[in-house]
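Chemist:
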Amino acid sequence: MYVNVHYVPPYYLMGSPRINGLLSRLRCNCPSLNFDLFSNFIKPYKSCQCGHVKEDAFHYFFECPLYHNFYLIMQANIVSLGFRPSLFLLLQGPQNKNDLNGAESIIYAITDFVEKTGRFNHLG
Numbered sequence: 027m028y029v030n031v032h033y034v035p036p037y038y039l040m041g042s043p044r045i046n047g048l049l050s051r052l053r054c055n056c057p058s059l060n061f062d063l064f065s066n067f068i069k070p071y072k073s074c075q076c077g078h079v080k081e082d083a084f085h086y087f088f089e090c091p092l093y094h095n096f097y098l099i100m101q102a103n104i105v106s107l108g109f110r111p112s113l114f115l116l117l118q119g120p121q122n123k124n125d126l127n128g129a130e131s132i133i134y135a136i137t138d139f140v141e142k143t144g145r146f147n148h149l150g
């Protein structure tokens, strides 16, 4: 996939800088979750604390039973905007890059999810 490095979608800058930084790391598979840390030789295991064999972004957002109730809230918010939740949507935003209202609402739904799960509180 070609990425235009000279253009940053405006919704990448919406919301809190902390969450924006985290989403940027997740977009790049940089160390944030255990699978990323394992792949970069930082942790000796890639499993999630729920017991799932691989804690990656997809597992965190969609599968982890530890965060299921928070996922349902985020999913309902995103669906109410007319979008279908997907990892691409959560990390890259809507395909219609001109839909700033939808993008902003999605960013706030993701921010709420991340803050409520507390999974990244150790990152400051």
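All residue numbers for the sequence shown refer to my numbering, where the first residue is 27 and numbers rise by one.
Glycine included, each C-beta is placed from N, C-alpha and C at the ideal position.
Per the contact definition of three or more C-beta pairs closer than 8 Å, is the segment 74 to 84 in contact with the segment 96 to 106?
Modeler: As far as the Cβ criterion goes, the segment 96 to 106 does not touch the segment 74 to 84, which means the pair count is below three.
Chemist: Report the three-state DSSP secondary structure of His148 (helix, strand or coil).
Modeler: DSSP places His148 in helix when its eight states are reduced to three.
Chemist: Three-state secondary structure (DSSP) at Pro43?
Modeler: Note: Pro43 maps to helix in three-state DSSP.
Chemist: Within 10 angstroms of its Cβ, does Val105 collect 16 or more other Cβ (buried), or is it exposed?
Modeler: Exposed, by the Cβ-count rule.
Chemist: Could you check the C-alpha separation between Leu39 and Asn46 for me, to the nearest Å?
Modeler: C-alpha separation (whole angstroms): 7 Å.
Chemist: Can you find the residues in the same chain that come closer than 8 Å, C-beta to C-beta, to Val140, ignoring five residues on each side of it along the sequence?
Modeler: Taken in chain order, the residues that qualify are Ile45, Leu48 and Phe146.
Chemist: Excluding the 5 residues flanking Ile133 on each side, which residues of the same chain have their C-beta closer than 7 Å to its C-beta?
Modeler: Within the same chain, Ile133 has close Cβ partners Tyr37, Met40 and Gly41.
Chemist: Report all residues from its chain with a CB closer than 7 Å to the CB of Glu130; omit the five preceding and five following residues, and keep chain order.
Modeler: Here the set comprises Tyr37 and Met40.
Chemist: State the Cα-Cα distance for the pair Pro43 and Gln118, rounded to the nearest angstrom.
Modeler: Cα-Cα distance, rounded: 16 Å.
Chemist: Measure how close the beta-carbons of Glu83 and Leu52 come, nearest whole angstrom, since I'm counting them as under 8 Å.
Modeler: The question names Glu, but residue 83 is Ala in the sequence shown. Confirmed, Cβ separation roughly 5 Å.
Chemist: Tell me which residues share the same chain as Asn60 and place their Cβ nearer than 7 Å to its Cβ, disregarding the 5 neighbours each side in the sequence.
Modeler: The answer, listed in chain order, is Lys69, Tyr71, Lys72, Ser73, Cys74 and Glu81.
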